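Protein chains in written order, with UniProt numbering: chain A, 1 to 106; chain B, 1 to 106; chain C, 1 to 523; chain D, 1 to 523.
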């Protein structure tokens, strides 16, 4: 998990302003049952949380903190299980390079 | 086991002549307790087989047959356990090449 | 003529779920006092209720029926042995409890009595860097242990879905399955030996040939495995010696998407059968699982609709070996029509697999409304060729339940390789259960569904569990069918080692060893 | 009141080494006739004498004491069950015999009776190419099986030193160790399940969770291992399902020379601990072994005198993986001062390791004259760190024997990794025995030496056997010490499964389960 894959939005050390914190980015529908606010932050469609479970309101910093914690957790797990992660994209690029026929010399 | 590592000497299809078959090459001492006749054919020093067990006389073709059978047996075992054998000398050459410092460009 | 009566009551522990009488409880606590400090004997309601259940959903309205009379927290094998000896003399049930993460009620005190919580036995007794072993109290978690081992470049690769919270002792009692067992082996292979308190209070050291740090012996009967996976019915492991590996240099965990389940299944088989040396496992996600993830998992929500099945494979080892193996597996995946899902999903999802107990705990009513649900997982050991048929049959069982009630939700299935050759898979169906709405009727339907799920596994030549065990209501009814003549051997072993039926009684139909068929009376 | 007597005699099989009386023998043969064809019942002296012993040297002048009364050669599980049922009813000992290559007398009929030779049960019943399993009669050899499997690119990697002649059933009965087990596992890991005839004639199918092709189950007690490694005392395996691997693409087996044992030992440890994924094993040859080889082995005779110890390591897998691992191990060897012995010795010696029963059968008197000798091998499971001390102590024991008599010759020691992490080693000392000169006195000295050899292994935290078993005179005396409380469990299990003590009686001190201590009376 690379750290530059963190969700966008103000950093944890940004000054706290109540109104700003309680105005999440406008939601964008991404599927029939989900929407997104910050990049990589997905939420259940609010219409599905009206009867048995009500949606909680989070300040933006907390939403982002939860997302970042998850990224931290996953990065920690990788380091816990192995010294380094080899990316699949490297391997894929390598086999695609090898399977591309070499053009004949001009 | 490469087949060119077979012991030297007449081949199994060579004509059989009694006197020739019963005259092994002159033995050469290789250690305090062993001698060699054909290349790769080692024998216990005959002085050590005088009391409890007497040395048997083999015609040359049989001595060589026994040696070759052993080589066949070992080659068969390799093929039985894996499709191919990687030689240690290749690997050794590779790591020695890698550990030799590359001379600076002139 | 004078007849000397034995000190305790004669016969087995009573076949009852009633709490101990005040007199018996007082006598028990009095007997425990010389053995344990005051803070090791817990009588408070919260302490006891918290150790009455495991994470698997159960009929909450009957919680009070399975609360132990006493909880003890020993700190040594000697203390555990003394507690068990007292329990055996007084004919009071004893139930060992480790992480309490099991899904088949192994740690649940069906007949109350004493819960032995091993969490205080969490020391590292010896780290042997030369022979690569560590000796620990069974109350330690694999995660905490590995944090310590990492300083020495070492690694204990027992990796259940409850990795951060399950304990070494629970892994022994259940003979657990490991996510990366196709490379490193499962708990039975990784635990070299252990001290074990028998139901009589005798202490047995058991390993390969009863060695301490020996992985392979042929001296005497092979007893180690008998004392693993018994769900606490044969005693309590207290101190274990574990086999250690070098911490892997590199990890590679590609995830691939397929537009149909059949290709994904075929690809999983081909990946596992390839025999890549660093291969640590492959996982197949079926269509229901993909649908579930696309509903609730950040990584999968934006995936295109033609993604119908997923496969992942994981390799651990030196970088050069992993790269060689990785190229081979990528080529195989390509031949099967796989699309690589990208580094972010691949790495993120794989890392999340070590901690599946953090699964989102909500489901949906049939009309789509979100409901709070608990997670349950039914597993079986199924041959590769039988995975599709078992999956279809299991989804049918769940669909049938859901047609009747919103209490159950089908969260899809995974199939994980158990072995490097891909012969069998831990096949699991995740079920959301609306626990607050469970009543006797819904519970009965669920128990029947569990029995049906087990029966499907058996009908396809599998075993009812690859990891969890099979002592919960429903599946347990089929244990004699699964084991056949082996079930009689179980009864013989149980009776001979636990003459008074005090050790975790009521599990695995073992009451039959004492002439009682309590199959139905303890529900 | 009418009392109905049971049909057969009451109680256990008699504790005797006398042949059956003519009447009993006639009755036995009459009972066997409806079950077996005439050519499956062997009564001739040669047929019986040939099945009286195993390759390990024994006092030849007492050969006649261990000749079975009858040999049977059944062709199916049903026939085996019928024979055992008859034996159990008539209280006549039954001894299973497979390849007869064991070194601890498991197949030797100590109390005569019926030898069940399984060699006719050598069919391949099912080859499952999808799940990668094969189901065979237990009378098949691994070599013959692999010849058939090679056509499908498959491989069954159970590889004892008796590879060409030992049988699958014997591997189950002894829970054998495999030369390449550090990569593929040992017999216990490779045999998925089997049909097994219990001492009562009941047939048990046992596997993981009693599955057929399942490698990992957690359903019920783990019973499979209990029915492996019992040396025939708990019954007879008749049909087994085995886990198959792809036949390896490549093999690499470098041998290295060292000018001292300490460096060779350290290097062996480092090679095993490296965690190379294709690592299938490492072997350490000590100074005595090198001296022995330099005396008698073509490959080593011309080696310079400063070669004092050898190490080999072997890798199997895909060529790219093996090359990566090979480079790593060559670097490690170099750091430890190793000299590569060349391709010819490396490849030749490794291939010869699969067939150690072809060892040259002669030794030397103290004054150097060649004498005909039989080979014996004492093994133990010893931790890496204890290998040097155990080796020294074992050579001392042999030196002491040899000071007394020329009957024994020390042929040196090997230590082979048991596991990929190098935690423990099959440590073995090869002993030449001038069998024709064995008399009661020399035999007694040998039995004492065996006991001392076993005691050294235990004193160093090991187990008395990694592979062979420990039921021969001498070592068997220490089994209760090694197993501790586990020995009582053995007795309980034996009594419960073999109520009449008919199954391979007199082994492993199991007579104690029937109230008799026959430790000394059957020598």
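Backbone N, C-alpha and C fix where the C-beta goes; we use that ideal spot for every residue, glycine too.
As the structure is a computational prediction, the values presented were derived from the model and not from experiment.
A direct Cα-to-Cα measurement between residue 399 (chain C) and residue 511 (chain D) gives close to 57 Å. Per DSSP, residue 58 (chain B) is not a residue of any alpha helix (DSSP H), being assigned neither H nor E. In this structure, residue 397 (chain C) keeps its C-beta atom at 9 Å or more from the C-beta atom of residue 440 (chain C). Taking C-beta separations shorter than 6 Å and ignoring five residues to either side along the sequence, the partners of residue 507 (chain D) in its chain run 231, 233 and 471, following chain order.
For the 9 Å CB-CB criterion, residue 141 (chain D) and residue 167 (chain D) form a contact. Cβ contact annotation for residue 491 (chain D) (same chain, cutoff 8 Å, sequence separation greater than five): 510, 512 and 513, in chain order. Shown in chain order are the members of the segment 370-388 of chain C whose Cβ falls below 9 Å from a Cβ of chain A: 370, 371 and 372. A Cβ-Cβ separation of about 4 Å places residue 381 (chain D) in contact with residue 466 (chain D) under the 8 Å criterion.
Looking at C:99, C:367 and C:438, the one whose alpha-carbon comes closest to that of residue 51 (chain A) is C:367. For residue 27 (chain D), the CB contacts under 8 Å within the same chain, skipping 5 residues up- and downstream, are 90 in chain order. Taking 9 Å as the cut-off, the Cβ atoms of residue 254 (chain C) and residue 329 (chain C) count as close. The continuous stretches of beta strand (DSSP E) do not include residue 443 (chain D), which lies in the alpha helix (DSSP H) extending over residues 440-459. Shown here for residue 308 (chain D): same chain residues with a beta carbon closer than 7 Å to its own, the five before and five after excluded, namely 258, 259, 260, 261, 287 and 290 in chain order.
Straight through space, the alpha carbons of residue 34 (chain B) and residue 62 (chain B) are spaced by roughly 20 Å. The beta-carbon of residue 18 (chain A) is placed no less than 9 Å from the nearest beta-carbon of chain C. Along the segment 245-266 of chain C, going in chain order, the ones with a CB nearer than 7 Å to a CB of chain D are 245 and 246. For residue 327 (chain D), the neighbours in chain B by C-beta distance under 7 Å run, in chain order, 91, 94 and 95. The beta carbon of residue 330 (chain C) falls within 9 Å of a beta carbon belonging to chain A, placing the residue at that interface.
Under the Cβ criterion of 9 Å, residue 504 (chain C) is not counted among the residues facing chain D. Residue 414 (chain D) is outside the set of residues whose beta carbon lies under 9 Å from a beta carbon in chain C.
The Cβ atoms of residue 79 (chain D) and residue 136 (chain D) lie no closer than 9 Å to each other. At a cut-off of 9 Å, the C-beta of residue 186 (chain D) has no neighbouring C-beta in chain B. Proximity of residue 89 (chain D) to chain C, defined by a Cβ-Cβ separation below 9 Å, is not satisfied.
Per DSSP, reduced to three states, the secondary structure at residue 412 (chain D) is strand.
Only residues of its own chain outside the window of five on either side were considered, and among them 182, 272, 281, 282 and 425 have a CB closer than 7 Å to the CB of residue 417 (chain D), listed in chain order.
With fewer than 16 neighbouring CB atoms inside 10 Å of its own CB, residue 22 (chain A) falls in the exposed class.
If you look at residue 265 (chain C), you'll find it in the alpha helix (DSSP H) that goes 261-273. Counting the other Cβ atoms within 10 Å of the Cβ of residue 13 (chain D) gives 16 or more, which makes it buried. Distance from residue 312 (chain C) to residue 350 (chain C) at the Cβ level is roughly 7 Å; contact confirmed, criterion being Cβ atoms closer than 8 Å.
Between the segment 406-415 of chain C and the segment 431-439 of chain C there are three or more C-beta pairs closer than 8 Å, enough to call the two in contact. Proximity of residue 354 (chain D) to chain B, defined by a Cβ-Cβ separation below 9 Å, is satisfied. Taking C-alpha positions only, residue 41 (chain C) is separated from residue 503 (chain C) by approximately 19 Å.
Along the segment 37-54 of chain A, going in chain order, the ones with a CB nearer than 8 Å to a CB of chain C are 40, 41, 42, 44, 48, 49, 50, 51, 52 and 53.
Secondary structure at residue 434 (chain D): coil, using DSSP grouped into helix, strand and coil. Residue 422 (chain C) sits in coil when the DSSP states are folded into three classes, being neither helix nor strand. Per DSSP, the unbroken beta strand (DSSP E) holding residue 203 (chain D) starts and ends at 203-207.
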